[in-house]
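Worksheet: the structure to be examined is printed underneath.
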Amino acid sequence: MAGVVALALVGCGSSPMNRAPVEDRAAAGSSAPGVVAVVKPPPGFENAGKPGYYTVKPGDTLIRIGLESGQSHKDISRWNALENPNKIEVGQVLRIVPPVAGSGAVAAVESGAVAKPVTSGTVTTTPIATAPVPAKPASAASAAASAPVKVATAPAATSAGADDDIAWIWPGKGSVIAEFDESKNKGVDISGSAGDPVLASADGKVVYAGAGLRGYGNLVILKHNNTYLTAYAHNQMLLVKEDQTVRQGQKIAEMGSSDADRVKLHFEVRRQGKPVDPLKYLPAK
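Residues in the sequence shown are numbered consecutively from 6, following the numbering used here.
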């Protein structure tokens with residue numbers, strides 16, 4: 006009888022080891038030999054290295070990526086269908102240029118293929134005998150279908166030159182206390198007193214207004230066209246909101262010392278996301 010009990014105990018003691026699946030250990034983070042952990046690749050990894058895409062690095066935020074790429078952080082969020090724009094991960098690959106084409110018919114037009122006109126469906130259901138004139142509308146419809154392709158490509162040829170045609174004004178009345186240095190100072194610092202007006206250097210749209218970018222304090226970013234952004238940092242008060250359209254010379258903030266060692270306006274001009282020397286664009290004082 007004792008032998009039977011002993012065998013039963015041995016059997017009970019060995020059965021849990023035989024039931025433990027490999028998947029459970031891998032899911033629990035086990036590093037046991039022979040267990041292969043499946044690592045999920047970051048979103049968009051298949052686009053890494055392609056033109057128009059950006060791989061997220063440690064410390065990146067969508068606001069900073071927008072500034073560095075010359076885009077609105079909201080546009081980048083929309084182009085990538087981000088559920089939570091405040092959560093991006095290292096290694097994630099984001100589209101930072103507008104989609105060249107949409108889907109369906111739009112993609113066909115952009116790729117050079119002309120989509121069939123909407124009226125083509127009605128032609129097949131209408132008796133030919135009742136409308137002897139459709140020969141002309143048919144040719145007119147095909148000509149109209151090809152016309153948008155030419156119209157869409159024409160503005161692109163002149164947009165680059167037009168974007169550069171901006172008569173900038175100074176965003177502050179003070180003197181320059183720190184000049185542009187691509188590695189140390191990506192803009193110019195302008196002196197002033199707390200509360201001095203900060204002016205829009207050109208017509209534009211507010212693509213960011215807040216204090217979410219480290220080192221800039223209370224910041225306003227304006228998008229002037231597809232080429233240029235300007236940034237106005239260290240303000241004590243912001244007077245505009247995102248998506249608001251502003252005019253050149255409009256007061257958009259009050260000068261301050263937020264995230265700075267003194268009262269000053271840090272002003273940047275970004276051409277396609279790259280910082281350029283504002284003094285080469287502003288009129289001489």
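Beta carbons are placed, not taken as given, at the ideal position from N, Cα and C, and that holds for glycine.
Measure the alpha-carbon distance for residue i versus residue j and round it to whole angstroms.
i: S82; j: D168; result: 24 Å
i: P56; j: V105; result: 12 Å
i: R69; j: G254; result: 25 Å
i: L244; j: V212; result: 14 Å
i: A216; j: N85; result: 23 Å
i: D194; j: G179; result: 9 Å
i: V203; j: V61; result: 32 Å
i: A246; j: F50; result: Checking the sequence, you will find Lys at residue 246 rather than Ala. Each residue's alpha carbon lies about 34 Å from the other.
i: G64; j: P103; result: 24 Å
i: H271; j: L287; result: 14 Å
i: P280; j: R100; result: 20 Å
i: S77; j: K228; result: 8 Å
i: N223; j: Y59; result: 26 Å
i: G220; j: P48; result: 28 Å
i: P176; j: T235; result: 10 Å
i: G166; j: K45; result: 44 Å
i: G278; j: N230; result: 12 Å
i: E73; j: K92; result: 18 Å
For residue i, report the span of its beta strand (DSSP E) as first-last.
i: E184; result: Where E184 is concerned, there is no enclosing beta strand (DSSP E), given that its DSSP letter is neither H nor E.
i: G209; result: 209 to 215
i: H229; result: Per DSSP, H229 belongs to no beta strand (DSSP E) and is neither H nor E.
i: Y59; result: 58 to 60
i: E273; result: 270 to 276
i: A258; result: 256 to 260
i: P202; result: 202 to 204
i: L99; result: 98 to 100
i: P280; result: 279 to 281
i: D194; result: 193 to 195
Assign residue i to buried or exposed, taking buried as 16 or more other Cβ atoms, counted over all protein chains shown, within 10 Å of its Cβ.
i: A140; result: Annotation note: pLDDT 45 at A140 (below 50); position unreliable, coordinate value reported separately. That one is exposed.
i: T250; result: exposed
i: V43; result: exposed
i: K191; result: buried
i: A172; result: exposed
i: V156; result: Any reading at V156 is ruled out, since the residue's pLDDT is 32, under 50, leaving its predicted position unreliable.
i: E187; result: exposed
i: E291; result: Nothing in the structure corresponds to residue 291, since the chain is present only between 6 and 290.
i: I182; result: exposed
i: A214; result: buried
Between which two residues does the alpha helix (DSSP H) holding residue i run?
i: H239; result: Element bounds for H239: not the alpha helix (DSSP H) but the beta strand (DSSP E), 233 to 243.
i: H78; result: 78 to 84
i: I68; result: 67 to 74
Under 9 Å between the Cβ atoms of residue i and residue j?
i: A53; j: V98; result: yes
i: H239; j: S263; result: yes
i: M242; j: D201; result: no
i: E184; j: D282; result: yes
i: G71; j: Y233; result: no
i: V225; j: I174; result: no
i: V274; j: G197; result: no
i: K210; j: D266; result: no
i: L284; j: T66; result: no
i: R276; j: D208; result: no
Under 9 Å, Cβ to Cβ, is there at least one residue of chain C near residue i?
i: G278; result: In the structure shown, chain C cannot be found, because there is only a single protein chain.
CB of residue i to nearest heavy atom of the ligand SAM: below 8 Å?
i: Q76; result: This structure lacks the ligand SAM; in fact it carries no ligand of any kind.
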